[in-house]
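Following: one structure in structure tokens, then a few remarks.
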Amino acid sequence: MDQCLNPNQHLAVIGNIKDNDICLACAAIGLSTKPNHNADFYTHKLAELSDSVHAYYIGFAGGDPSTDSFGRATQHDIIKKLAAIRAVVFDQYQFHNERSVNDPSAKTDFCDMLERRKGTPINLAILCMHLARSQGWTADGIAIPGHFVCRLEANGERIIFDPFNRAKALNASDLRSLVKQTLGFQAELEYKHYSAIENRSILLKLQNNIKQQQKQRKNFRAALAAVITMQQIAPEESRFLYDAGLLYARANQAKTAITVLSRYIKQSKSHYRKNSANRVLRLLMQQR
Numbered sequence: 046m047d048q049c050l051n052p053n054q055h056l057a058v059i060g061n062i063k064d065n066d067i068c069l070a071c072a073a074i075g076l077s078t079k080p081n082h083n084a085d086f087y088t089h090k091l092a093e094l095s096d097s098v099h100a101y102y103i104g105f106a107g108g109d110p111s112t113d114s115f116g117r118a119t120q121h122d123i124i125k126k127l128a129a130i131r132a133v134v135f136d137q138y139q140f141h142n143e144r145s146v147n148d149p150s151a152k153t154d155f156c157d158m159l160e161r162r163k164g165t166p167i168n169l170a171i172l173c174m175h176l177a178r179s180q181g182w183t184a185d186g187i188a189i190p191g192h193f194v195c196r197l198e199a200n201g202e203r204i205i206f207d208p209f210n211r212a213k214a215l216n217a218s219d220l221r222s223l224v225k226q227t228l229g230f231q232a233e234l235e236y237k238h239y240s241a242i243e244n245r246s247i248l249l250k251l252q253n254n255i256k257q258q259q260k261q262r263k264n265f266r267a268a269l270a271a272v273i274t275m276q277q278i279a280p281e282e283s284r285f286l287y288d289a290g291l292l293y294a295r296a297n298q299a300k301t302a303i304t305v306l307s308r309y310i311k312q313s314k315s316h317y318r319k320n321s322a323n324r325v326l327r328l329l330m331q332q333r
């Protein structure tokens with residue numbers, strides 16, 4: 046099975062590579078804030094899980110791992126693919142969901158999830174997508190409001206599943222209910238809700254969860270570290286300068302906050318954020 050890339054090397058170049066070349070799981074390992082964590086341990090764990098999915102798919106689900114003339118996995122029974130992921134992740138290795146996902150004390154770190162086998166929706170989704178892609182299968186995250194679900198696709202067939210609910214297959218009625226829970230009773234399931242989320246956007250969502258959690262804890266330096274990493278993932282996004290400037294201010298680093306917010310004001314095309322940055326900048330200048 047495909048091995049995870051070197052997490053630290055991958056993260057170092059992530060801002061300069063194509064979205065399709067991003068390995069979500071190894072990037073998530075590289076993003077870990079666990080002290081002195083050994084990346085090799087986690088990449089080996091992913092390889093073990095990947096091998097288990099392969100073994101289950103051909104041994105128990107009855108799948109066919111053969112490849113076509115281009116080296117791609119041939120597309121057979123998509124239900125067997127999902128069954129293999131579900132059996133390995135949730136039955137054999139007993140991963141389960143972090144029910145306290147909105148609690149500031151909830152664990153958002155991908156490596157922590159691999160150790161505890163307990164994860165948030167986005168971390169479980171990254172794991173399931175990695176295991177599918179390591180088999181040569183097509184797997185994406187999709188943009189259902191308020192939740193993170195995945196899609197397997199094979200030979201024109203698609204199946205959407207919820208990694209946070211033991212990889213349960215979701216039909217249109219299930220998806221409609223998720224949309225209404227988030228957007229209100231009048232909301233309807235739309236075509237855009239089936240859109241695949243880019244790998245880079247998934248990593249930004251992961252980091253944004255960490256940023257929000259650290260802000261809730263009043264740990265502004267840790268929140269700032271998450272934003273700096275977001276800049277590394279998507280260096281062309283000026284909005285992260287805005288977030289960084291505000292967090293530098295909250296972390297009592299006024300001089301750096303002034304420099305960063307000034308840079309943001311010169312680059313920004315968002316009138317709302319630019320006005321907000323100007324207000325904070327004036328306040329910081331008055332306090333000097």
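Heads up, the sequence shown is in this note's numbering, so the first residue is 46 and it goes up one at a time.
Backbone N, C-alpha and C define an ideal beta-carbon position, used for all residues, glycine too.
As the structure is a prediction and not an experimental result, all values here were calculated from the model.
Taking the DSSP output, what are the residues bridged to Gly-164?
-> For Gly-164, which the question treats as bridged, DSSP gives the partners Asn-142.
Helix, strand or coil for Asp-113 per DSSP?
-> Confidence in Asp-113 is poor, its pLDDT being 46 and thus under 50, which makes the residue's placement unreliable; the coordinate value appears in the next sentence. Coil at Asp-113, not helix or strand.
From this set, Gly-191, Pro-190 and Pro-208, which residue's C-alpha is nearest Leu-197's C-alpha?
-> Of the candidates Gly-191, Pro-190 and Pro-208, Pro-208 places its Cα closest to the Cα of Leu-197.
So is His-316 buried or exposed if we call it buried at 16+ other beta carbons inside 10 Å?
-> His-316 should be labelled exposed.
Going by the CB atoms, is the gap between Ile-187 and Leu-69 shorter than 8 Å?
-> Not in contact: Leu-69 and Ile-187 (Cβ atoms no closer than 8 Å).
Cβ-based neighbour list, Ala-84, same chain, cut-off 6 Å, excluding 5 preceding and 5 following = Only residues of its own chain outside the window of five on either side were considered, and among them Pro-52 and Ile-74 have a CB closer than 6 Å to the CB of Ala-84, listed in chain order.
Which one or two residues does DSSP pair with Cys-195 in a beta bridge?
-> Among the bridge pairs identified by DSSP, Cys-195 is matched with Gly-186 and Phe-206.
Taking DSSP as the reference, what is the three-state secondary structure of Met-46?
-> Only weak support exists for where Met-46 lies, its pLDDT of 48 falling under 50; the value from the coordinates is given anyway. If DSSP states are grouped into helix, strand and coil, Met-46 belongs with coil.
Under three-state DSSP, which class holds Ser-315?
-> Secondary structure of Ser-315 (DSSP, three-state): coil.
For Lys-213, the three-state DSSP class (helix, strand or coil) = Strand at Lys-213.
For the region 157-164 and the region 235-251, state whether three or more C-beta atom pairs, one from each stretch, are separated by less than 8 Å.
-> No: the two stretches stay apart, fewer than three of their Cβ pairs being nearer than 8 Å.
DSSP beta-bridge partners of Ile-242 = Ile-242 pairs with Gly-186.
Does the region 83-97 come within contact of the region 131-144, defined as at least 3 CB pairs closer than 8 Å?
-> Enough Cβ pairs lie closer than 8 Å, so yes.
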